[in-house]
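Okay, so here's the structure we're looking at.
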Amino acid sequence: MEQKIVLREEFIKLGQALKAAHLVQSGVEAKDVILAGQVSVNGEVDTRRGRKLYDQDVVSYKGETIRIVK
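In this note's numbering, the protein residues as written are -10 to 59.
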């Protein structure tokens, strides 16, 4: 299933997006799963918690998909 996160600003950071989609419970959990290489952005694993996500970026984690929309 795909969730959508609507940007209120120019971008949202990867850790914040995981929390906003309720795929993780806390910033610490977001950091842990990102650093463990469990999260991909646009089909590629990204280990940067502060990775900025913009309109149409797609995040995947544990079979869930988040699409960033403006």
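Ideal Cβ positions, reconstructed from N, Cα and C, are used throughout, including at glycine. Treat the numbers as computed from the prediction; the structure is a model and nothing was measured.
Given this structure, state the Cα-to-Cα distance separating residue 24 from residue 38, to the nearest angstrom. If you take the alpha carbons of residue 24 and residue 38, they lie about 8 Å apart.
Would you report the Cα separation of residue 50 and residue 5, rounded to the nearest angstrom? Going by C-alpha positions, residue 50 is about 14 Å away from residue 5.
Where residue 41 falls: helix, strand or coil (DSSP): DSSP places residue 41 in the strand class (E or B) of the three-state scheme.
Among 16, 53 and 31, which residue has its Cα nearest to the Cα of residue 44? The shortest C-alpha separation from residue 44 is found at 31.
Around the Cβ of residue 21, are there at least 16 other Cβ atoms within 10 angstroms (buried) or fewer (exposed)? Label assigned to residue 21: exposed.
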